[in-house]
Amino acid sequence: MKRLMVVTMLLSVVLLTFAAGNVFAAVKGACVTCHTMHNSQDGATVTTSGVPVEALLNEASCFACHTGTNTGLVAGVMNGTGIPYVYNTSEPAYPGTATVSPSLAGGNFYWVQTDDATGHNVEGVKAKDVTLDNEPPGWDAGYNLNGALNNSLATWGTTRLTCAGTNGCHGVHTTDEQFGAVRGAHHLVDTTIDGSTVGNSYRFLIGIVGNEDDDWEYTKTAADHNQYKGTSDTVDKSTISYLCAECHGQFHTAGSTNGENGTAPWLRHPTDLDMNTLAAGTEYKSYTTYDPIVPVASTDVSVVKSAINAVAGDAIVTCVSCHRAHGSPYADLLRWDYDLMVAGNSNTTGCFVCHTTKN
243 MKRLMVVTML
253 LSVVLLTFAA
263 GNVFAAVKGA
273 CVTCHTMHNS
283 QDGATVTTSG
293 VPVEALLNEA
303 SCFACHTGTN
313 TGLVAGVMNG
323 TGIPYVYNTS
333 EPAYPGTATV
343 SPSLAGGNFY
353 WVQTDDATGH
363 NVEGVKAKDV
373 TLDNEPPGWD
383 AGYNLNGALN
393 NSLATWGTTR
403 LTCAGTNGCH
413 GVHTTDEQFG
423 AVRGAHHLVD
433 TTIDGSTVGN
443 SYRFLIGIVG
453 NEDDDWEYTK
463 TAADHNQYKG
473 TSDTVDKSTI
483 SYLCAECHGQ
493 FHTAGSTNGE
503 NGTAPWLRHP
513 TDLDMNTLAA
523 GTEYKSYTTY
533 DPIVPVASTD
543 VSVVKSAINA
553 VAGDAIVTCV
563 SCHRAHGSPY
573 ADLLRWDYDL
583 MVAGNSNTTG
593 CFVCHTTKN
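Numbered by this note's numbering, the letters in the sequence shown go through residues 243 to 601 in order.
As structure tokens, then:
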């Protein structure tokens, strides 16, 4: 009887340990790879800056860990460490082969080094944009349902765009400490993506929901990709387009006018438009097999969709349908070369994936 009680207690401890989520971590590897306890080793400082860094990290930049060449899943883990690389020091293949994309879904900061128009000018990887300065084009402080970027100030002034924090895309916007903004998220097993915390948000984008591809679209097919959240309106704060609107709000509206500088009708390419709502027989209905190069969002992100334009809410145009988040070889962070989009030239890529009768 005593033996049974002991075994039962041991099993209970094991089950509680698993339930607490302490067995597996999203980032894998030796702690020393990322952290230093006292910024001292062999009589010298560990950090290149010479001073301690937030969260006891070895370096004071997100790019210290996220710079490298992607190799895909190693033993089921991205690059063997769980860390995707978003900045290459040599040009990555773009977009790669039909099924492999070393620059990943968000693109890469490599190209912005020589051309401001090809990527976001994030502090730590590139100086401010020579033409646009620091303020994002279309800035509207009103898109703050997931927290106020730039402290809801009307202008950015000398404030730089960062990876995370008050003026960044990732993490909470209540602190300008980038590592503090994503605190704990790298070690969380995000079995539920509901936007409730940074770790439980799509790609650590607070409040945003989606279905995360396990290799960040290093491999990609119609059935192997991120599933982005979208709706046929602009008020849902959990969509991927709302993320973009947090900086570029003037390009994102539910009405036919823009209170800042537009008049009816809405003369901009639509976002948050469900192509299922368009009339039968229109050219957009011919986009029926999901293309990872021209992604569309869905209201339901519980499963990855390979067939689209089949039911309401499965073919929603978003900002990332045309743009990469980090950068690309092309102007405006576009996913393809806009100069090569020539009507009547039998092209079935880029713009013509949706605009099927104009190729």
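Glycine included, every Cβ here is placed at the ideal spot set by N, Cα and C.
Proximity winner among the options, relative to residue i (alpha-carbon distances)
i           : options               : result
residue 278 : 583, 443, 296 and 560 : 296
residue 423 : 402, 400, 448 and 438 : 448
residue 491 : 326, 391, 321 and 307 : 391
residue 358 : 570, 522 and 511      : 570
residue 400 : 472, 271, 538 and 370 : 370
residue 439 : 415, 419 and 276      : 415
residue 461 : 352, 276 and 339      : 339
residue 546 : 578, 466 and 592      : 466
residue 542 : 509, 469 and 587      : 469
residue 472 : 429, 537, 290 and 520 : 537
residue 409 : 574, 364 and 572      : 364
residue 456 : 273, 318 and 382      : 318
Exposed unless 16 or more other CB atoms sit within 10 angstroms - verdict on residue i
i           : result
residue 445 : buried
residue 523 : exposed
residue 333 : exposed
residue 556 : buried
residue 404 : buried
residue 568 : buried
residue 477 : exposed
residue 264 : Only weak support exists for where residue 264 lies, its pLDDT of 32 falling under 50; the value from the coordinates is given anyway. Counting Cβ neighbours within 10 Å, residue 264 comes out exposed, since fewer than 16 surround it.
residue 384 : exposed
residue 554 : exposed
residue 577 : buried
Contact under 9 angstroms by Cβ, residue i with residue j
i           : j           : result
residue 514 : residue 483 : yes
residue 480 : residue 451 : yes
residue 534 : residue 459 : yes
residue 308 : residue 328 : yes
residue 530 : residue 558 : no
residue 485 : residue 411 : yes
residue 352 : residue 321 : no
residue 420 : residue 441 : no
Simplified DSSP assignment, three categories, for residue i
i           : result
residue 526 : helix
residue 584 : coil
residue 540 : strand
residue 273 : helix
residue 341 : coil
### Query
Touch check for the stretch 431-439 and the stretch 298-312: three-plus C-beta pairs under 8 angstroms?
no
### Task
Would you check if there are 3 or more beta carbon pairs closer than 8 angstroms linking the stretch 339-353 to the stretch 374-390?
no
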